[in-house]
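Accompanying notes for the structure given below.
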Amino acid sequence: MKVYSSKVWVLLLLCCSGCLSTPEARYYTLDMQSSGKAATTMVNLEVERIQVTEALARTDILIKKSATEIEYYALDRWAARLDELLAEKLQAEFGPTEAKRDTYLVRGKLLACEQVDTPAGAMAHVKLALVVQKDRNEVPVLKKVYEAHKTADAATAAAVVRALSVCVEDIAATLVEDIQAL
């Protein structure tokens, strides 16, 4: 039996530790540029608060593998809490407030913001329950669950996040249409 010196063991450990290093995490955010789809000239919309479900409270990007199975991307993360990113994206879609217009408060709960694996490929899915009020103390003028789907260009976190941004843009545009129809 050969006995190796401590220098050889140290060298072997250093070589092996370099092989075992963990890849760096990648961070994503929704596209915070306004798409222009939700422009309104009638009212101001201010995002007050968006809550998230427990599964979405993590910074990991969720993948719905089947009706009963979920997982998260191993290295791909949201750059901030999803409730903050969603509120910022919605506010960007609604645009700046103008003093002469009535202001409505928007709050809600994010029920889904995920990649859904389908036989055709990766699909982005956003489901958002929203409440719109003229004043915090008034009865809501609108309560509705909005949902959007968009096929991702690839089954990668980057492609899915781009598609999720479009889903939020579509929901914001539909919300503005609903408010203008009141």
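Going by the numbering used here, 89 is the number at position 89 of the sequence shown; the sequence numbering is gapless.
We put the beta carbon where it would ideally sit given N, CA and C, even for glycine.
Computed from a predicted model, the values in this text were never measured in an experiment.
Take the alpha-carbon of LYS144 and the one of SER21: they are about 47 angstroms apart. In the structure shown, GLN91 adopts helical secondary structure according to DSSP, grouped into three states.
For ALA157, the enclosing alpha helix (DSSP H) covers residues 157 to 180. Assignment of ALA55 by DSSP, reduced to helix, strand and coil, places it in the helix class.
Secondary structure of GLU48 (DSSP, three-state): strand.
If you compare the alpha carbons of ALA39, ARG81 and THR68 with that of TYR27, the shortest gap goes to ARG81. According to the DSSP assignment, GLY108 belongs to the beta strand (DSSP E) that extends over 102 to 118.
Burial is judged here by how many other beta carbons sit within 10 angstroms of a residue's own beta carbon; LYS100 has fewer than 16 and is exposed. In the DSSP assignment, ALA124 is bridged to GLN115 and LYS150. If the five residues before and after LEU182 are omitted, its C-beta is found closer than 8 angstroms to the C-beta atoms of VAL141 and LEU142, all from its own chain and listed in chain order.
Setting aside the 5 residues that flank it on each side, ILE171 is surrounded in the same chain by VAL126, LEU128, TYR146 and ALA148, each with a C-beta closer than 7 angstroms to its C-beta; the list follows chain order. Looking at the DSSP output, ALA80 sits in no beta bridge, so it has no partner there. Bounds of any beta strand (DSSP E) do not take in ARG136, whose DSSP letter is neither H nor E. Here LEU75 carries a strand assignment [DSSP, helix/strand/coil]. For the pair GLU169 and VAL106, the CB atoms are not nearer than the 8 angstroms cut-off. A straight line joining the alpha-carbon of PRO119 with that of PRO23 spans about 29 angstroms. Taking every protein chain shown into account, the CB of LYS150 has 16 or more other CB atoms within 10 angstroms, so this residue is buried. Annotation for LYS64: the continuous beta strand (DSSP E) segment containing it runs 60 to 64. Between the stretch 64 to 83 and the stretch 130 to 141 there are fewer than three inter-stretch CB-CB distances shorter than 8 angstroms, so the stretches are not counted as touching.
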